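Step one of this worksheet: look at the structure below.
2 protein chains.
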Amino acid sequence: MNRQLKPGESSFTDRQSQVLEAGLALLVAGGEKAITTAGLARAANCSKESLYKWFGDREGVLSAMIAYQASKVRVPAVAASANRSAEDFRADFEAFGNDLLSVLSGSTSVALNRLAIGQASAEGAPLGQLLVSRGRAHIRDRAKALLEAARRAGHLRFDDAEEAFETLYALLVRDMHVRMLLGEKLTDVGLPGDQKSKVQRALDQFYRLYGAAFAEL
Amino acid sequence: MNRQLKPGESSFTDRQSQVLEAGLALLVAGGEKAITTAGLARAANCSKESLYKWFGDREGVLSAMIAYQASKVRVPAVAASANRSAEDFRADFEAFGNDLLSVLSGSTSVALNRLAIGQASAEGAPLGQLLVSRGRAHIRDRAKALLEAARRAGHLRFDDAEEAFETLYALLVRDMHVRMLLGEKLTDVGLPGDQKSKVQRALDQFYRLYGAAFAEL
DNA sequence: GGCGAACCGTACCGTACGGTACAGCACGCG
DNA sequence: CGCGTGCTGTACCGTACGGTACGGTTCGCC
Numbered sequence: 001m002n003r004q005l006k007p008g009e010s011s012f013t014d015r016q017s018q019v020l021e022a023g024l025a026l027l028v029a030g031g032e033k034a035i036t037t038a039g040l041a042r043a044a045n046c047s048k049e050s051l052y053k054w055f056g057d058r059e060g061v062l063s064a065m066i067a068y069q070a071s072k073v074r075v076p077a078v079a080a081s082a083n084r085s086a087e088d089f090r091a092d093f094e095a096f097g098n099d100l101l102s103v104l105s106g107s108t109s110v111a112l113n114r115l116a117i118g119q120a121s122a123e124g125a126p127l128g129q130l131l132v133s134r135g136r137a138h139i140r141d142r143a144k145a146l147l148e149a150a151r152r153a154g155h156l157r158f159d160d161a162e163e164a165f166e167t168l169y170a171l172l173v174r175d176m177h178v179r180m181l182l183g184e185k186l187t188d189v190g191l192p193g194d195q196k197s198k199v200q201r202a203l204d205q206f207y208r209l210y211g212a213a214f215a216e217l
Numbered sequence: 218m219n220r221q222l223k224p225g226e227s228s229f230t231d232r233q234s235q236v237l238e239a240g241l242a243l244l245v246a247g248g249e250k251a252i253t254t255a256g257l258a259r260a261a262n263c264s265k266e267s268l269y270k271w272f273g274d275r276e277g278v279l280s281a282m283i284a285y286q287a288s289k290v291r292v293p294a295v296a297a298s299a300n301r302s303a304e305d306f307r308a309d310f311e312a313f314g315n316d317l318l319s320v321l322s323g324s325t326s327v328a329l330n331r332l333a334i335g336q337a338s339a340e341g342a343p344l345g346q347l348l349v350s351r352g353r354a355h356i357r358d359r360a361k362a363l364l365e366a367a368r369r370a371g372h373l374r375f376d377d378a379e380e381a382f383e384t385l386y387a388l389l390v391r392d393m394h395v396r397m398l399l400g401e402k403l404t405d406v407g408l409p410g411d412q413k414s415k416v417q418r419a420l421d422q423f424y425r426l427y428g429a430a431f432a433e434l
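Quick note, the sequences are listed as chains B and W, same order.
Mapping to our numbering: the first sequence position 194 is 194, numbers consecutive.
Throughout, our numbering is defined as the position within the second sequence, counted from one, plus 217.
Right under this line is the structure:
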């Protein structure tokens, strides 16, 4: 049983973190099958024996990589000042959207999602699945806080925050995520407009669905 | 060079199709690593030698499985009768949405997407990727036709059909697809409402964004 | 200095799997 | 009947990889 970790604290030693970092690099470069115990040991300049001592087996290494990456993700706290203007909130949502798309399209995120999806099929594996969902939970919490704040300030209107979040997420991400996982290049996914314009379009649509101003027309 | 295939025609013999079918069953049951040449030969009551003769190597078997499955998908033609009512179109979109969600949540679709995603990471592999995208292209064509027809009939309003389709797809699928690929059970993904109600909600939102009636308010 | 813990590098083992070869069987055809 | 064709089943090979063992080195501590 691990004791509860304080935020920012990792359950891995420095050396272990280095090894996991090397593993992530291998994963990004070559996918799951690029992570062999011998290969990782060579890349990280450590011995296979240490690998097995620290992580149990290959499966444990993969799980540790996911846990390690999840532990790195920190949720930037939403600016909590009171009575903010509609423009402030819009800016917050823009920042959120840009962060979200940047994270999801990042090479390590893509590689880890592919890994988790690969694991999901074979075993009864909640191993990868649950850990990756933690990353998603972070995102959701941040967005929910933002949504609630905007509602309290009278700029948004909705009954179910979960539903509103789902819609926001859907409009921002669309099927970009799956397509990137399938191997489409960023240029293919995002040809007619860069990330910022996509966020703008998504937010325009989201405000038309949930904005207080529009709901009153 | 294969000659062009007529729709409904497969480029595989009956015996080969049987083998590929058995492969799909294995894939659904156990993921990619469940597809071993010996295991597939045993499951399909064929010899490994035939496998290699027909498909070249293991990679070829996987590609053939994807191609085979894609060849099975047929796009139900959209009812092409003229002057249809708004209710008719709404019903068409409901049928489309239900089909889409049913297909995406099907076990073979999930298994094949996982396979393609696994392949995508390792190699320069457009092998799986492009073939799966064909399935998506079918969906897109059907939806685009529907969208254009609804616009011509004056029930929808949009400039860019591609953008409208993206929005429709996003509102229908949301992040359900990725979550299923990650291994979440259908019950987890769809707890607060079954598929039909999700389609209704998505269409309500879509019509609020693109419906002609609302745009005129 | 002596000692033990941690760790590196490497050699080693067992096995699973991709790929090949071969023997035998069924069947259609001259 | 005889023969070729296409297939099955099995035996076999080489290798890559997961996992283990062990000797050698560094480093901190008494």
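Glycine included, C-beta positions come from ideal geometry on N, C-alpha and C.
Since we're looking at a predicted model, the values are computed, not measured.
Own chain residues within Cβ distance below 6 Å of residue i, not counting five before or after
i	result
A328/W	L244, V245
W54/B	Q16
G335/W	E249
A261/W	V236, A239
S326/W	V320
A120/B	Q129
Q412/W	L318
A387/W	none
Coil, strand or helix - residue i by DSSP
i	result
G211/B	strand
L222/W	Low confidence applies here, because L222/W scores a pLDDT of 46, under 50, leaving its location unreliable; read the following figure in that light. Looking at L222/W - three-state DSSP - the assignment turns out to be coil, as it is neither helix nor strand.
G60/B	helix
V73/B	coil
F272/W	helix
G30/B	helix
F235/B	Outside the shown range of chain B (1 to 217) lies residue 235/B, about which nothing can therefore be said.
T108/B	helix
F89/B	helix
I17/B	Position check: residue 17/B holds Ser in this sequence, whereas Ile was assumed. DSSP places S17/B in helix when its eight states are reduced to three.
N262/W	coil
F12/B	coil
Cβ neighbours of residue i in the same chain (closer than 7 Å, five flanking residues each side left out)
i	result
A86/B	H155
A212/B	G154, H155, L156, R157
K265/W	T254, A255, A258
A161/B	K144, L147, E148
C263/W	V236
A251/W	L243, L244
V73/B	G135, H138
L222/W	The predicted position of L222/W is uncertain, since its pLDDT is 46 and thus under 50; a value taken from the coordinates is nonetheless stated next. Excluding residues within five positions, the ones whose Cβ falls inside 7 Å are S228.
R84/B	A153
N330/W	V349, L398
L24/B	M65, Q69, T108
L59/B	In the sequence under discussion, the amino acid at residue 59/B is Glu, which differs from the Leu named in the question. The answer is none, since no qualifying residue turns up.
Opening and closing residue of the alpha helix (DSSP H) in which residue i lies
i	result
R301/W	Counting along the chain, R301/W falls outside any alpha helix (DSSP H), and DSSP gives it neither H nor E.
T253/W	That residue, T253/W, is in no alpha helix (DSSP H); it is neither H nor E in DSSP.
8 Å CB neighbourhood of residue i in its chain, flanking five on each side removed
i	result
T348/W	Residue identity check: residue 348/W is Leu in the sequence provided, not Thr. Within the same chain, L348/W has close Cβ partners S280, I283, A284, A287, A333.
L403/W	S322, M397
T384/W	F423, L426, Y427
L51/B	V19, T37, L40, A41, V61
V416/W	E311, G314, N315, L318, L389
E438/W	Past the boundaries of the shown model lies residue 438/W; chain W is included only from 218 to 434, so the question cannot be answered.
Check: Are the region 366-374 of chain W and the region 303-310 of chain W in contact at 8 Å, needing three or more beta carbon pairs?
Finding: Contact annotation: the region 366-374 of chain W touches the region 303-310 of chain W, with at least three C-beta pairs closer than 8 Å.
Next item on the list: Entirely within the region 330-417 of chain W and at least 4 residues each: give me those alpha helix (DSSP H) ranges in chain order.
Entry: 344-369, 378-390, 393-398, 403-406
Note to self: Three or more C-beta pairs under 8 Å: does that hold for the region 353-362 of chain W against the region 203-213 of chain B?
What the structure shows: Contact between the region 353-362 of chain W and the region 203-213 of chain B is not established, with fewer than three Cβ pairs separated by less than 8 Å.
Note to self: Taking contact to mean 3 or more Cβ pairs, one atom from each stretch, closer than 8 Å, check whether the region 96-108 of chain B and the region 173-188 of chain B are in contact.
What the structure shows: yes
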